[in-house]
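Student: Take this structure, written in structure tokens, and hold onto it; I'll ask about it next.
There are 2 protein chains.
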Amino acid sequence: MSERVGTPEPTPPVGVIGGVGPLATAYFLQRVVQLTEASRDQEHVDLLVLNHATIPDRTEFVLGRSSEDPGPVLARDARRLEQFGVRFLVMPCNTAHYFTQQVLDAVTVPFLSIVDVTVEAARRRAPGLTSVGLLATAGTVASGVYRDAFAAHGIEVLTPDDADQARVNTVIYDQVKAGRPADPDALRAVAAGLVERGAGVVVLGCTELSVAAVDHGLLDEPPFCDSMDELVRATIVRAGHRVRRP
Amino acid sequence: MSERVGTPEPTPPVGVIGGVGPLATAYFLQRVVQLTEASRDQEHVDLLVLNHATIPDRTEFVLGRSSEDPGPVLARDARRLEQFGVRFLVMPCNTAHYFTQQVLDAVTVPFLSIVDVTVEAARRRAPGLTSVGLLATAGTVASGVYRDAFAAHGIEVLTPDDADQARVNTVIYDQVKAGRPADPDALRAVAAGLVERGAGVVVLGCTELSVAAVDHGLLDEPPFCDSMDELVRATIVRAGHRVRRP
């Protein structure tokens, strides 16, 4: 039980730079509520969620296919959440972490990185890990955010070949972001290929894939390590609450 | 498709006075995304969601069992969302609508009432309606928000007897708010009793019951008219977007 029960907090501790994508943000909020140890409303985490869906596409910009830079929009959103009074920020979108430095430059409150918590979780899950697989947008893959973060621990990131990346893209863009049912078997098949190539863990490094993972029970299947699930747990703990026991 | 596609809006049009309860708020956000006609992120509604879970219990106050008044907290939250720049406010909690006047007194932007949109939906669904059933918290029942709003159209509100209200309370507090599975058959049975007494429509007038309704497919079952579903649709339209066709 939180110490704050019974006293409405003046400002929410958690600011969520969201809308990237919108369904992933809604799932993030839902999972924070579902995974918080609580038996009544007042034991839950207060959050301020800016579901800013109209932010320009992150992947299109990272890949140089669009000149609309989402970085300044994310930075401004971060600043506005800080001005509201939140104590720390999260951004439930992996690709958007390419713009992390712009967000950090815009605020003074701490920023809890989905990449950092996911790297930590993968290392906890598989001590001695030397290779991980990465299922993510082409933007996240190209941005190198996971490659660099894992490389700092001597861990190599394996990514799907072009044909398999196309299957991942279909789940992200044509299914989850388009409001259509996701195909979990496509993700299982691509993950199996990465495990065959030596991946000890396969990171779901895109919150749209996390949406599919929640809907189809992939969270409990090895070899998956889900970035949104890890950010949800880290957010609950950082906000001073406890994660619900299974 | 929205006219605003391609231009990130400076401020979100919708402000959500949320956290009452927290899971219902997360479902509200998710349903807005799922029911918006959109094939990519940028076609979705921008929202600012204040998931303020630690607000004092609404029903406890309405029933006189607590002196902690949630009214001023809801009013302050509304004002803060308005200061952020939202164009209109919604509050996905029926019981909290007992405090509507305090919210209205605190802001100048419009407030889209869940009670008003639900009454309109029930009347559209059953022209010539003379009686509706109400499944809600004891606080919402006692507050009379639905009784008064339906009475303005000559429609009587039937509420469950004490034993059936206790079954509804169990679903709201011991199941949904406590993070446990809901029992949809209890809701079906209580609704059937109200239909037998003459209700042409049974309003799910509690967003925790809406959570159970989404999870168990009650939205498509007569006689139910779900307050959250109606608020979701009205919010999408008011924000200038289109509701996804089935």
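Those sequence lines, one after another, are chains A and B.
Heads up: the first sequence at position 14 corresponds to 14 in my numbering, and the numbers run straight through without jumps.
Positions in the second sequence are counted from 1; adding 1000 to them yields my numbering.
Even glycine gets a Cβ: it sits at the ideal position worked out from N, Cα and C.
Quantities reported herein were computed from a predicted structural model and do not represent experimental measurements.
Identify each residue in the region 205-226 of chain A for which the Cβ-Cβ distance to at least one residue of chain B is less than 8 Å, and report them in chain order.
Tutor: none
Student: Output, in chain order, the set of chain A residues within a Cβ distance shorter than 8 Å of Glu1196/B.
Tutor: Those do not exist, as Glu1196/B stays about 33 Å from chain A at its closest Cβ, beyond 8 Å.
Student: Across the region 1121-1141 of chain B and the region 1158-1173 of chain B, are there enough close Cβ pairs to call them in contact, namely three or more that are closer than 8 Å?
Tutor: yes
Student: Excluding the 5 residues preceding and the 5 following Pro12/A in the sequence, name in chain order all residues of the same chain whose CB lies nearer than 7 Å to its CB.
Tutor: Asp46, Leu47, Leu48, Val86, listed in sequence order.
Student: Taking Cβ to Cβ, would you say Leu1231/B is nearer than 8 Å to Ile1055/B?
Tutor: Result no, Cβ atoms of Leu1231/B and Ile1055/B do not sit closer than 8 Å.
Student: Report yes or no: do the region 1083-1101 of chain B and the region 1174-1189 of chain B share at least 3 C-beta pairs separated by less than 8 Å?
Tutor: Fewer than three pairs of CB atoms, one per stretch, sit closer than 8 Å, so the region 1083-1101 of chain B makes no contact with the region 1174-1189 of chain B.
Student: Pick out the complete beta strand (DSSP E) segments inside the region 1037-1098 of chain B, 3 residues or longer, and give them in chain order.
Tutor: 1047-1051, 1088-1090
Student: Hey, quick one: how far does the beta strand (DSSP E) through Gly1325/B stretch, first residue to last?
Tutor: Nothing about residue 1325/B can be read from this structure; chain B reaches only from 1001 to 1246.
Student: Roughly how many angstroms lie between the CA atoms of Glu1037/B and Arg1244/B, to the nearest whole one?
Tutor: 4 Å
Student: If the criterion is Cβ atoms closer than 8 Å, does the pair Val1203/B and His1153/B meet it?
Tutor: no
Student: Cβ atoms of Leu112/A and Thr235/A: under 8 Å apart, would you say?
Tutor: yes
Student: Does DSSP classify Val1115/B as helix, strand or coil?
Tutor: helix
Student: Can you check whether the C-beta of Ile236/A is within less than 8 Å of a C-beta belonging to chain B?
Tutor: Taking 8 Å as the threshold, the shortest C-beta distance from Ile236/A to chain B does not fall below it.
Student: Using a Cβ cut-off of 9 Å, pull out every chain A residue sitting near Tyr1027/B, in sequence order please.
Tutor: Ala26, Gln30
Student: Work out the CA separation of Thr137/A and Ile172/A for me, nearest whole Å.
Tutor: Their Cα atoms are separated by approximately 8 Å.
Student: Go through the region 175-243 of chain A residue by residue and report every complete run of the alpha helix (DSSP H) that reaches 4 residues or more, in order.
Tutor: 184-196, 207-216, 227-238
Student: Given 8 Å as the limit, is there contact between the region 57-65 of chain A and the region 1015-1030 of chain B, that is, 3 or more CB pairs closer than that?
Tutor: no
Student: Of the residues that make up the region 169-198 of chain A, which ones have a beta carbon closer than 7 Å to any beta carbon in chain B?
Tutor: Lys177, Ala178, Gly179
Student: Going by the beta-carbon positions, is the gap between Ala26/A and Val1033/B smaller than 8 Å?
Tutor: yes
Student: On the CB-based measure, 16 or more other CB atoms within 10 Å of its CB, does Glu1043/B come out buried or exposed?
Tutor: buried
Student: Tell me, to the nearest whole angstrom, how far the beta carbon of Phe150/A is from that of Pro92/A; I am working on the premise that it is less than 8 Å.
Tutor: Contact between Phe150/A and Pro92/A does not hold, since the beta-carbon distance rounds to 20 Å and is not under 8 Å.
Student: Look at the alpha carbon of Arg123/A and the alpha carbon of Leu129/A, and state the distance between them as a whole number of angstroms.
Tutor: 6 Å
Student: Hey, does Thr1130/B have any beta-carbon neighbour from chain A nearer than 8 Å?
Tutor: no
Student: Which complete alpha helix (DSSP H) runs does the region 1140-1164 of chain B hold, if anything under 4 residues is left out?
Tutor: 1145-1151
Student: Check the C-beta distance from Ala53/A over to Ala78/A and give it rounded, since I have them as a contact under 8 Å.
Tutor: About 16 Å; that fails the 8 Å criterion.
Student: Drop a sphere of 10 angstroms on the beta-carbon of Glu1196/B, count the other beta-carbons inside from all chains shown, and report buried for 16 or more, exposed for fewer.
Tutor: exposed
Student: Could you say which of Val1016/B, Pro1010/B, Leu1035/B lies nearest to His1241/B if we only look at CA atoms?
Tutor: Out of Val1016/B, Pro1010/B, Leu1035/B, Leu1035/B has the C-alpha closest to the C-alpha of His1241/B.
Student: Where does Pro222/A land, buried or exposed, given buried means 16+ other C-beta within 10 angstroms?
Tutor: exposed
Student: Beta-carbon of Ala1038/B versus every beta-carbon of chain A: anything under 8 Å?
Tutor: yes
Student: Excluding the 5 residues flanking Val141/A on each side, which residues of the same chain have their C-beta closer than 7 Å to its C-beta?
Tutor: Leu134, Thr159
Student: Compare the C-beta of Asp1164/B against all C-beta atoms of chain A and say whether one is closer than 8 Å.
Tutor: no
Student: Would you mind sorting Ala1166/B into buried or exposed? The rule is 16 or more other CB atoms within 10 Å of its CB.
Tutor: Counting the other Cβ atoms within 10 Å of the Cβ of Ala1166/B gives fewer than 16, which makes it exposed.
Student: Of all the CB atoms in chain A, is at least one closer than 8 Å to the CB of Arg1004/B?
Tutor: A caution first: Arg1004/B carries a pLDDT of 42, below 50, which makes its placement in the model unreliable, though a value can still be read off. Taking Cβ atoms only, chain A reaches closer than 8 Å to Arg1004/B, which makes this a yes.
Student: Give the DSSP-derived three-state secondary structure of Leu1104/B in the structure shown.
Tutor: In the structure shown, Leu1104/B sits in a helix (DSSP, three-state: H, G or I).
Student: With a Cβ-Cβ cutoff of 8 Å, do Cys1206/B and Asn1094/B count as a contact?
Tutor: yes
Student: Can you name, in chain order, every residue of its own chain whose Cβ lies under 6 Å from the Cβ of Gly1198/B, other than the five neighbours on each side?
Tutor: Answer for Gly1198/B: Ser1131, listed in chain order.
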